[in-house]
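Here the structure comes first, spelled out in structure tokens, and everything after it is commentary.
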Amino acid sequence: VANRMRGLQQSVLGAMTVRCRQVGAVNLAQGLSQVPPPASVLAGGARDFADVGHSYTQPEGLPVFREAVADKLKRSSGLSVDPATQVLATVGATGALMATLTALLDEGDGVVLFEPFYSYYLSSLQVVGLRPQPVRLTGPDFAITAEPLRAAVTDRTRAMIICTPNNPTGRRLTAAELEVVAAVAQEHDLLVITDEVYDEIYFDASPHLAAATVANLAERTVTLGSLGKSFSVPGWRLGYACGPEHLVGAIRVAADSLVVCAPAPLQEFGARALNLGEDYYRELRAMYDRKRRFLAEGFTAAGLSPNEPDGAYYLFVDCSRMGVATGAEAAEVLLEHNLVGTVPGEAFHLDAPDRPYVRACFSLPDDVLAEAVDRLAIGG
Ligand code: PMP
Ligand code: GLN
């Protein structure tokens with residue numbers, strides 16, 4: 004086995020799903036998006052599966068898909084991209100990230116990650132041979148500020164990865180935080196990779212703020228997206244990368260070498276999904292807002308302290324009141340005693356977090372969440 008795999012295992016996210024099955028736990032661990040995809044995309048649309056293309060596409064993907072992505076970005080955040088040259092269809096946001104890292108960074112380059120971060124960033128950096136440079140953000144607000152960011156950047160730093168709305172905290176980056184990112188990126192000529200897979204899932208009235216719409220960020224930013232979250236189809240493995248033409252052109256070549264293209268039939272269905280109107284998204288947000296409140300009340304009633312996410316579909320729960328030292332211990336008690344699976348906060352940090360956090364996903368049917376809340380009520 005190659006040296007670059009040293010210490011790597013299957014992601015804790017997927018591994019927790021296996022453990023939940025083994026012990027019969029309700030799985031709030033891995034974000035599996037177990038709510039129904041939009042019915043109009045699955046059935047009753049213009050085309051049947053037999054009629055769609057089944058061969059390779061060009062590496063950048065089908066025009067119909069890229070145009071739908073460009074229209075959607077314009078509609079949801081005012082981000083303008085040329086579908087002909089600035090959009091690439093990818094095998095999920097994960098495929099977009101891998102192709103971006105491969106295309107734009109050299110082995111040994113440093114990449115700033117803001118803790119807590121989506122755990123695949125770390126494994127993706129390792130596989131490509133890049134060095135994580137963590138910047139610790141602390142609760143309850145987990146805000147990016149200039150000083151710790153500047154302190155983390157060295158002369159080997161080449162890029163930053165940001166995520167808004169965030170997994171695991173659900174925080175949305177503010178304009179002020181993105182201006183800090185822009186200032187530091189300019190000072191050190193850094194690439195900014197912004198993971199915006201949860202761009203359609205948020206709980207207040209203000210629309211999604213795309214990093215690439217902030218002054219001085221467009222020319223150095225690659226935006227990653229996924230259809231998995233907005234349309235509850237993570238198993239489709241369909242996402243996209245957008246950005247300046249010269250960057251997307253290089254990512255296209257890397258993606259070609261890695262996977263040839265994204266699944267062709269799903270790009271056609273994906274375009275149909277991306278063209279859904281505002282009513283769909285309004286209902287999606289209302290549904291997740293309800294689920295978020297319900298699960299947060301369950302954790303609170305159990306004596307724990309969930310945060311109040313602005314977006315995405317996770318609660319980040321401070322379990323200090325369980326009397327445990329680490330998130331790993333808290334997750335173990337919740338799994339074995341309450342039969343509720345969560346992800347230990349350690350999975351989203353390089354260095355141990357300052358509190359025993361667990362992450363709980365609420366992208367589940369109401370009856371499953373109700374069962375989880377009943378089980379959380381079982382005292383210790
Ligand atoms: N980024 C974040 C923040 C995510 O939560 C996820 C899904 N867990 C991904 C990327 C990966 O998305 P995809 O399934 O499209 O590869
Ligand atoms: N996005 C989901 C999570 O954070 C699933 C990721 C995965 O299993 N690859 O749990």
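At the far end of the sequence shown sits residue 383, using full-length UniProt numbering, and the numbering has no gaps. Positions of the beta carbon are idealized from the N, C-alpha and C atoms, including for glycine.
Cβ-Cβ separation, residue j to residue i (assumed contact under 8 Å), whole Å
i	j	result
Tyr123	Thr105	Not confirmed; about 15 Å, so no contact.
Gln270	Leu65	5 Å
Val15	Val346	6 Å
Phe68	Ala92	5 Å
Ala230	Gly246	The residue asked about is misnamed: residue 230 is Leu in this sequence, not Ala. Between Gly246 and Leu230 the Cβ distance is about 18 Å, and since that is not below 8 Å, they are no contact.
Leu277	Val72	6 Å
Pro135	Val114	6 Å
Ser80	Thr197	Not quite, the Cβ-Cβ distance comes to about 11 Å (not below 8 Å), so this is no contact.
Val327	Pro359	5 Å
Val119	Thr172	Residue identity differs from the one stated: residue 119 is Pro in this sequence, not Val. Right, their Cβ atoms sit about 6 Å apart.
Ala214	Val195	7 Å
Val183	Ala149	5 Å
Ala363	Phe302	7 Å
Met19	Ala32	4 Å
Leu298	Leu372	6 Å
Residue range of the unbroken alpha helix (DSSP H) whose run includes residue i
i	result
Arg19	Note that residue 19 is Met in the sequence shown here, rather than Arg. Looking at the DSSP string, the run of the alpha helix (DSSP H) that includes Met19 is 15–26.
Ser127	123–131
Gln270	267–277
Pro135	No alpha helix (DSSP H) holds Pro135; the beta strand (DSSP E) holding it covers 134–139.
Thr103	95–107
Arg378	369–379
Asp74	66–80
Ala188	178–191
Ser43	42–45
Cα-Cα separation, residue i to residue j
i	j	result
Leu367	Asp109	40 Å
Gln89	Pro356	38 Å
Pro237	Asp112	30 Å
Asp158	Phe351	25 Å
Asp51	Glu339	45 Å
Glu374	Val29	7 Å
Pro266	Val38	22 Å
Ser260	Leu35	28 Å
Met163	Ile254	17 Å
Val225	Val187	16 Å
Arg9	Leu125	13 Å
Ile165	Ser127	14 Å
Leu307	Arg293	19 Å
Glu203	Ala178	18 Å
Asp321	Asp54	50 Å
Leu342	Gly252	48 Å
Leu318	Arg240	24 Å
Gly132	Glu63	25 Å
Leu82	Gly17	33 Å
Ala99	Gly382	43 Å
Tyr121	Asn170	6 Å
His191	His249	19 Å
Tyr291	Arg285	10 Å
Leu152	Leu193	12 Å
Cβ neighbours of residue i in the same chain (closer than 7 Å, five flanking residues each side left out)
i	result
Gln189	Asn219
Glu222	Pro247
residue 3	Lying outside 4 to 383, the shown extent of the chain, residue 3 is not represented and no answer is given.
Arg22	Leu338, Gly344
Pro143	Asn310
Phe234	Pro40, Pro41, Val44, Ala276
His57	Ala267, Pro268
Residues of its chain near residue i, where Cβ-Cβ distance is below 6 Å and the 5 sequence neighbours each way are ignored
i	result
Asp176	In the sequence under discussion, the amino acid at residue 176 is Leu, which differs from the Asp named in the question. Correct list, in chain order: Thr167.
Ala274	Val67, Phe68, Ala71
Gly330	Pro347, Gly348, Glu349, Pro359, Tyr360, Val361
Lys232	Val200, Tyr201
residue 2	This structure cannot speak to residue 2, because the chain is shown only from 4 to 383.
Phe145	Thr172, Arg174
Asp85	none
Arg295	Phe365
Residue i, enclosing beta strand (DSSP E) - first and last residue
i	result
Glu118	113–118
Asp198	194–198
Arg362	360–364
Cβ-based neighbour list, residue i, same chain, cut-off 8 Å, excluding 5 preceding and 5 following
i	result
Gln61	Cys264
Thr141	Asp357
Leu11	Ser126, Gln129, Val130
Gln353	Strictly speaking, residue 353 in this sequence is Leu, with Gln absent from that position. Excluding residues within five positions, the ones whose Cβ falls inside 8 Å are Leu116, Glu118, Leu125, Pro135, Pro137.
Gly27	Leu342
Runs of beta strand (DSSP E) lying entirely within the region 225–255, each at least 3 residues, in chain order: The qualifying runs are 242–245.
Taking the runs of the alpha helix (DSSP H) that are 4 residues or longer, which of them lie wholly in the region 286–339? With a minimum length of 4 residues, the continuous alpha helix (DSSP H) runs that stay inside the region 286–339 are 330–339.
Could you tell me which uninterrupted beta strand (DSSP E) segments, each at least 3 residues in length, are contained entirely in the region 137–173, listed from first to last along the chain? Fully enclosed beta strand (DSSP E) runs of 3 or longer: 160–166.
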